[in-house]
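This report concerns only the one structure given below.
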Amino acid sequence: MTALSKKRRAKLQAKLDKHHGYRHYEDDDIAVKEIKGCGLGVFAQRQFLPAELVIEIHGQLLRHDQYEGSTYVMEMDEQWYMEPAVPAAFLNHSCSPNCELVQLTKYTMGLVAICNVEPESQLTFDYGWQADDWIPECRCGAKNCRGWVVEKSQVKKMREFAKKREKKRNKAKSA
Ligand SMILES: [Zn+2]
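Numbering (UniProt numbering), first residue to last: 1 to 175.
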């Protein structure tokens with residue numbers, strides 16, 4: 001047995017993605033697209049009206065008590081998290097989102113428009129993370145941007161976090 005060559009690996013991976021859907025998703029209503037210098041995002045390909053279901057989100061279900069927490073996990077209920085599959089895995093946060101998440105069935109979530117969504121606009125929801133640890137700064141560009149990808153109630157805590165971090169950095173610099 002010889003190891004996979006780079007070329008053959010790329011060819012087989014493309015086939016796998018296409019036929020088994022691991023990284024491939026086809027839907028006329030939405031599209032996963034690259035955002036310049038910012039990774040991937042999910043974009044509306046048609047208009048969605050307020051309260052309209054945009055996509056059904058599938059994923060791996062994880063019990064709260066057995067989960068250490070990755071960043072992109074969605075909270076379903078008191079017992080379960082969902083690690084969303086493609087394309088929902090590429091949904092970005094916004095402090096002024098155009099969608100929200102609801103639990104649709106026992107095993108799936110729904111992305112629902114909360115305002116009029118024009119074609120070609122990026123679909124976003126509010127991640128609302130807890131400031132238990134360092135949380136990335138937000139660059140959503142919304143007028144009311146909270147500065148970090150955290151829930152409204154957590155902003156104060158995050159500011160304190162940031163101050164401490166800054167102090168530590170300055171100390172390291174001067175040492
Ligand atoms: Zn923001």
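Using N, Cα and C, we set each Cβ at its ideal position, and we do this for glycine too.
Selected residue, minimal CA-CA separation from residue i, among the options
i: Lys36; options: Gln122, Ala89, Glu52, Cys99; result: Gln122
i: Leu104; options: Asn92, Arg8, Glu75; result: Glu75
i: Met158; options: Pro136, Ala142, Asn170; result: Pro136
i: His64; options: Glu78, Ile57, Leu53; result: Glu78
i: Ile30; options: Phe90, Lys6, Glu68; result: Phe90
i: Val149; options: Thr124, Lys171, Cys95, Met109; result: Cys95
i: Gly141; options: Thr124, Glu34, Arg8, Glu151; result: Thr124
i: Asp28; options: Asn170, Asn92, Pro119, Asn144; result: Pro119
i: Gly128; options: Cys115, Lys18, Ile114, Arg146; result: Arg146
i: Lys106; options: Glu160, Leu53, Gln60; result: Gln60
i: His93; options: Phe48, Met82, Leu40; result: Leu40
i: Gln130; options: Cys138, Arg139, Thr108, Glu151; result: Glu151
i: Met109; options: Lys171, Arg139, Val73; result: Val73
i: Pro84; options: Ser174, Lys164, Val32, Ile57; result: Ile57
i: Leu47; options: Asp126, Asn170, Met82, Ile114; result: Note that residue 47 corresponds to Gln in the displayed sequence, not to Leu. Of the candidates Asp126, Asn170, Met82, Ile114, the one whose C-alpha sits nearest the C-alpha of Gln47 is Ile114.
i: Arg165; options: Ser153, Asp133, Ala10; result: Asp133
Check: residue i C-beta below 7 Å from any heavy atom of ligand 1
i: Ser174; result: no
i: Arg159; result: no
i: Ala14; result: no
i: Ala142; result: yes
i: Arg9; result: no
i: Cys99; result: no
i: Cys145; result: yes
i: Cys38; result: no
Unbroken alpha helix (DSSP H) run spanning residue i, endpoints
i: Arg159; result: 155-174
Where the beta strand (DSSP E) through residue i begins and ends
i: residue 177; result: No statement about residue 177 is possible, as the shown extent of the chain runs from 1 to 175 and does not include it.
i: Gly41; result: 40-44
i: residue 180; result: With the chain running from 1 to 175 in the structure shown, residue 180 is simply not present.
i: Pro50; result: It is not in any beta strand (DSSP E) - Pro50 carries neither H nor E in the DSSP assignment.
i: Ala113; result: 109-113
Residues bridged to residue i (per DSSP)
i: Thr124; result: Asn92
i: Pro136; result: The partner list for Pro136 (beta bridge, DSSP) is empty, contrary to what the question assumes.
i: Leu61; result: Met82
i: Met74; result: Met82
i: Glu56; result: Gly110
i: Val117; result: Phe48
Supposed contact pair residue j and residue i - C-beta distance, whole angstroms, cut 8 Å
i: Leu101; j: Ile55; result: Not a contact, Cβ separation roughly 11 Å.
i: Pro50; j: Asn116; result: 6 Å
i: Pro97; j: Val42; result: Not confirmed; about 12 Å, so no contact.
i: Trp80; j: Leu62; result: 7 Å
Heavy atom of ligand 3 within 7 Å of residue i beta-carbon
i: Ser94; result: Of the ligands one can find in the structure shown, namely ligand 1, none is ligand 3.
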